[in-house]
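In what follows, a structure is listed as structure tokens, so that the remarks can point back to it.
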Amino acid sequence: MYTVAVVILNWNGKHHLQKFLPSVYAHSKNAQIYIIDNASADGSVSYLKDNFPDIKIIQLSQNHGFCAGYNIGLKQIQAEYYILLNNDVEIQGEWLSPLIIYMQSNKNCAACQPKILSYTNPTYFEYAGAAGGYIDRLGYPYCRGRIFHTIEQDTGQYDDIVEIDWATGACMCVRADVFHNLGGFDELFFAHMEEIDLCWRMKNNGYCIVVVPQSKVYHLGAGTLQKDSATKIFLNYRNGLYLLHKNLPYKYLIVNILARLFLDGISAMPHLLSARADCVWAILRAHIQYYKHLTQLHNVRKYTKSQYMPCVKSIVWQYFIKNKKLYALL
Numbered sequence: 109m110y111t112v113a114v115v116i117l118n119w120n121g122k123h124h125l126q127k128f129l130p131s132v133y134a135h136s137k138n139a140q141i142y143i144i145d146n147a148s149a150d151g152s153v154s155y156l157k158d159n160f161p162d163i164k165i166i167q168l169s170q171n172h173g174f175c176a177g178y179n180i181g182l183k184q185i186q187a188e189y190y191i192l193l194n195n196d197v198e199i200q201g202e203w204l205s206p207l208i209i210y211m212q213s214n215k216n217c218a219a220c221q222p223k224i225l226s227y228t229n230p231t232y233f234e235y236a237g238a239a240g241g242y243i244d245r246l247g248y249p250y251c252r253g254r255i256f257h258t259i260e261q262d263t264g265q266y267d268d269i270v271e272i273d274w275a276t277g278a279c280m281c282v283r284a285d286v287f288h289n290l291g292g293f294d295e296l297f298f299a300h301m302e303e304i305d306l307c308w309r310m311k312n313n314g315y316c317i318v319v320v321p322q323s324k325v326y327h328l329g330a331g332t333l334q335k336d337s338a339t340k341i342f343l344n345y346r347n348g349l350y351l352l353h354k355n356l357p358y359k360y361l362i363v364n365i366l367a368r369l370f371l372d373g374i375s376a377m378p379h380l381l382s383a384r385a386d387c388v389w390a391i392l393r394a395h396i397q398y399y400k401h402l403t404q405l406h407n408v409r410k411y412t413k414s415q416y417m418p419c420v421k422s423i424v425w426q427y428f429i430k431n432k433k434l435y436a437l438l
């Protein structure tokens, strides 16, 4: 019999746990729920012990961030499948069975995700994952149902099970053995885009990733960092470069990295014009950090089977030049 662990990473998220955890608890009867707590100082652990005594808590001594927090915590959890779930996700009805049934029937599938809908606007997809994640050859992620900041209404147009490039870390079902065999999340990323890197490594090792829309969850989003946060901009730009350097087939590496650096510079202009010096500095700092870690990133490539290549060459070109705002138009 398979075992399922629903694992939530938490850092000072008591307010989210109070609001969203009851729904997860009510609809996850066939799984054991774990909370990995990144040394919260807001009473999260006390709240859990007082209100959910049968939820297992893994207390870390410091805030290790998303990647290391999960890596450390998951080493202490024995299960066949991990459901990695953000602490700001609401569950309504059956959600685990469609994911596990698919994984049980498709042994080459390393990870999958449900349909991700907006908690605040439930008829629309949510930014982080929507109906399945993709990435272009320059490292820009997009989704069925969301390209850049254009978010589609869910009318059932993406209700088929299809192979995708990446499953969102907001709600990802992953085989535990594959997760550990591939080294888990790359801690160099700290947070943001680490699930895309993991999924790309899965693809490079011959596994597939899918979306199973028969399962759906409702995600608040931006629970830790707002979309216009300079810190989030820094992490996304830096980690996008890390992602490409680690995983692109070698013959595409130099040209695509140079193109990405050029587009990053162009994207800094609106921040400059709006006097958001913090955002401009975030992009510049992201590039500096990338250059600083070039040797380390290149050493990682020695152990990477860089063979998987995303289909779309440039989502920037498709979206901004060809005006294709919807996934179905690509």
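Sequence positions in the sequence shown follow the working numbering and run 109 to 438. Even glycine gets a Cβ: it sits at the ideal position worked out from N, Cα and C.
Hey, residue i and residue j: beta-carbon distance below 7 Å or not?
i	j	result
Q261	Y232	yes
E188	T111	yes
I227	E198	Rather than Ile, the amino acid found at residue 227 in this sequence is Tyr. Cβ distance < 7 Å, so Y227 and E198 count as in contact.
R368	G247	yes
Q416	N289	Looking at the sequence shown, residue 416 is not Gln but Tyr. No, they are not a contact pair.
I317	I374	no
A239	P321	yes
F256	G173	no
Q221	M280	yes
G264	E303	no
I224	G241	no
L207	S131	no
Along the chain, where does the alpha helix (DSSP H) containing residue i start, and where does it finish?
i	result
N171	From DSSP, N171 is part of no alpha helix (DSSP H); its letter is neither H nor E.
G373	Y358 to S375
Y210	L204 to S213
I304	E302 to N312
Among the options, whose alpha-carbon lies nearest the alpha-carbon of residue i?
i	options	result
L366	K340, I341 and Y399	Y399
V286	A218, R245, N312 and D273	A218
L296	N344, K359, Q186 and Y326	N344
W203	L225, D158, F256 and S136	S136
V325	L192, L156, I180 and A338	L192
H300	D273, R346, D268 and V270	R346
N195	V320, I185, L328 and G314	L328
V319	W274, A139 and I374	W274
V114	D305, Q322 and R283	R283
Y427	Q265, Y155, P249 and F174	P249
S152	N138, H124 and I209	H124
G314	T412, L380, L351 and L349	T412
D386	S337, C251, S131 and C307	S337
Just verifying my parser: in three-state terms, what is the DSSP assignment at residue i?
i	result
H406	helix
T258	strand
K340	helix
Y250	strand
L225	strand
Q415	coil
L434	coil
A330	coil
I132	A small correction: the amino acid at residue 132 is Val; Ile does not occupy that position in the sequence shown. It is helical.
G151	coil
V197	strand
Y142	strand
I243	strand
To which residues of the same chain is residue i closer than 8 Å at the C-beta, ignoring the five residues directly before and after it?
i	result
Y133	I141, F160 and I163
R409	H353, K354 and Y358
S148	N118, W119, N120, G121 and K122
A155	Residue identity check: residue 155 is Tyr in the sequence provided, not Ala. Excluding sequence neighbours, Y155 sits near K122, L125 and Q126.
Hey, quick one: how far does the beta strand (DSSP E) through residue i stretch, first residue to last?
i	result
V286	Run containing V286: none in the beta strand (DSSP E); it sits in the alpha helix (DSSP H), A284 to N289.
L117	V112 to N118
H327	C316 to H327
Y398	Y398 -> not in any beta strand (DSSP E); alpha helix (DSSP H) instead, spanning A385 to K400.
E271	V270 to I272
Could you name the residues of the same chain whose beta carbon sits closer than 6 Å to that of residue i, not counting the 5 residues immediately before and after it, in chain order?
i	result
V420	D244
A394	F342, Y345 and R346
L349	Y398
A176	E295
Tell me which same chain residues have a C-beta within less than 7 Å of the C-beta of residue i, skipping the five on either side of it?
i	result
Q212	Y110
Y190	A113, V115, L182, V282, A284 and F287
Q167	D145 and V153
L438	V420, Q426 and K432
I185	A113, V115 and Y142
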